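Enquirer:
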Amino acid sequence: MNWLLVKSLQYRRDDPHALFYRYDYEDQFKRVSLRGRGNPVSFEDIPKQAYKKMLPISKSKKADLLKLCKSLVIPKEVHAWYESLPTSDTAKHLTPEPAEGDSEDDMPAV
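Its first residue numbered 1, the sequence shown is counted upward by one per residue in the UniProt record's numbering.
Listed below in structure tokens is the structure:
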């Protein structure tokens with residue numbers, strides 16, 4: 001498997017010890033076993049779920065994401081997930097703060 005060429009990854013609940021990948025969106029997924037020969041994974045290290053449900057996003061952010069779906073920038077396979085994203089009137093559309101040492105001119109236009 002060449003990680004630099006992978007376009008899409010998939011995890012399947014029915015096959016928890018495998019990862020599926022493909023190099024092109026039209027290709028079928030290929031399976032890679034996650035069972036290694038090394039030390040077994042300790043399930044005590046897995047973090048607990050932080051939220052009971054998905055956090056809502058702003059309506060404007062969802063509208064922008066759905067435009068990307070409509071223009072097929074986002075693959076069709078995941079359109080339903082984007083359409084199901086919860087929104088809230090109180091959710092804020094946040095842009096990242098400039099890193100220390102960055103000027104406002106270095107920030108991308110939003």
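Where a beta carbon is used, it is the ideal one built from N, C-alpha and C, also for glycine.
What you are looking at is a predicted structure, and each value in this text was computed from that prediction instead of being measured.
Quick check: the region 42 to 51 against the region 61 to 72, are there 3 or more CB pairs under 8 Å?
Expert: Segments in contact, no.
Enquirer: Using a threshold of 7 Å, state whether the C-beta atoms of Y21 and L5 are closer than that.
Expert: Contact: no.
Enquirer: Pull the bridge partners of Q10 from the DSSP assignment, please.
Expert: DSSP output for Q10 lists F20 as bridge partner(s).
Enquirer: Apart from the five residues just before and just after K7, which ones in its own chain have a Cβ nearer than 7 Å to its Cβ?
Expert: Within the same chain, K7 has close Cβ partners R22, Y23, D24 and Y25.
Enquirer: In whole angstroms, what is the alpha-carbon distance linking S33 and R13?
Expert: Their Cα atoms are separated by approximately 14 Å.
Enquirer: Tell me the DSSP secondary structure of S58 in three-state form.
Expert: In the structure shown, S58 sits in coil (DSSP, three-state: anything other than H, G, I, E or B).
Enquirer: Would a C-beta distance cut-off of 7 Å place S58 and A91 closer than the cut-off?
Expert: Cβ atoms of S58 and A91: closer than 7 Å.
Enquirer: Is the beta carbon of M54 sitting closer than 7 Å to the one on P86?
Expert: Going by C-beta atoms, M54 is nearer than 7 Å to P86.
Enquirer: With a threshold of 7 Å on Cβ separation, who are the neighbours of E77 within its own chain once the five nearest residues in sequence on each side are excluded?
Expert: Result list for E77: empty, nothing under 7 Å.
Enquirer: Answer yes or no: do Y82 and C69 have a C-beta to C-beta separation smaller than 7 Å?
Expert: Yes. Within cutoff.
Enquirer: In terms of DSSP beta bridges, what is R31 paired with?
Expert: According to DSSP, R31 bridges with F20.
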